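Going by my numbering, the first residue of the sequence shown is number -13, and it counts up by one from there. In this text, a Cβ means the ideal position worked out from N, Cα and C, and glycines have one as well. These numbers come from a predicted model, not from an experiment.
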Amino acid sequence: MARMHARRRGKSGSHRPQMTENPSWVPIDKDEIESLVVKMSKDGWTSSRIGLVLRDQHAVPDVKLATGRTVAQILRENGLQPTIPDDLAALMRKVINLNTHLNENRNDLANKRNVQLVESKIRRLVKYYKREGVLPADWTYSASTAELQVE
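#1: Using a threshold of 7 Å, state whether the C-beta atoms of Leu61 and Ser34 are closer than that.
#2: Please classify Arg117: does DSSP put it in a helix, a strand, or coil?
#3: How about the region 36 to 54 and the region -2 to 11: do they share at least three Cβ pairs that are nearer than 8 Å?
#4: Between the alpha carbons of Ala(-8) and Arg110, how many angstroms are there, rounded?
#5: Round the Cβ separation of Val57 and Ala132 to the nearest angstrom and send it over; I've been treating them as touching at under 8 Å.
#6: DSSP three-state label for Arg62, please.
#7: Which class does Arg(-5) belong to by DSSP, given the choice of helix, strand or coil?
#8: Would Pro13 and Ala45 qualify as a contact pair, given that the criterion is a beta-carbon distance under 7 Å?
#9: What does the alpha-carbon distance come out to for the pair Asn93 and Asp42?
#10: DSSP three-state call for Ser145: helix, strand or coil?
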């Protein structure tokens, strides 16, 4: 498949091993994993970061295999779902950092182009999330208010 913002083909990525059940060597049980997810979320961690910490520090290779639900589903059930999805918030943070760089370096044309590309990704993602009902229909992205919307 071709890349989104380049004229070349990408390399194929790695694939997860085909596992259908939780490995027997996982040291913690389902309830403990869910309580860790809720605790980390209350501390302000994103769902992707929670998955990494569970993998690296608690030896849980896959939360979905261990609990039967994803991290996002566990957060949704406990009322801890973020208002803006994680991938959209990460793109918004990226635009904020690029704009602060551009305020100091006005002639950096490559980064001006990068801001345009990231903002187009944000607009596509917002359109998808509105269609799926994750974001309200009247939610709009604006570079000036992005800093206020991202925690």
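Reading off the structure:
#1: Residue numbering aside, residue 61 sits at position 75 when the sequence shown is read from its first letter. Residue numbering aside, residue 34 sits at position 48 when the sequence shown is read from its first letter. In this structure, Leu61 sits away from Ser34, with a CB-CB distance that is not shorter than 7 Å.
#2: As a working note, residue 117 is residue 131 in the sequence shown. If DSSP states are grouped into helix, strand and coil, Arg117 belongs with the helices.
#3: Under the 8 Å Cβ criterion, the region 36 to 54 counts as touching the region -2 to 11, having at least three qualifying pairs.
#4: In the sequence shown, counting from the first residue as 1, residue -8 sits at position 6. In the sequence shown, counting from the first residue as 1, residue 110 sits at position 124. Looking at the two C-alpha atoms, the distance is approximately 17 Å.
#5: Taking the sequence shown and counting its residues from 1, one reaches residue 57 at position 71. Taking the sequence shown and counting its residues from 1, one reaches residue 132 at position 146. Val57 to Ala132, Cβ: 25 Å. No contact.
#6: For the purposes of this step, residue 62 is taken as the residue at position 76 of the sequence shown. Here Arg62 sits in helix by DSSP.
#7: Locating residue -5 in the sequence shown gives position 9, where the first residue counts as 1. Under the three-state reduction of DSSP output, Arg(-5) falls in the strand class.
#8: Numbered from 1 along the sequence shown, position 27 holds the residue referred to as residue 13. Numbered from 1 along the sequence shown, position 59 holds the residue referred to as residue 45. The Cβ atoms of Pro13 and Ala45 lie closer than 7 Å to each other.
#9: To locate residue 93, count along the sequence shown from 1; it is residue 107. To locate residue 42, count along the sequence shown from 1; it is residue 56. Spanning the two alpha carbons is a distance of roughly 41 Å.
#10: Because the chain spans -13 through 137 in this model, residue 145 falls outside it and cannot be assessed.
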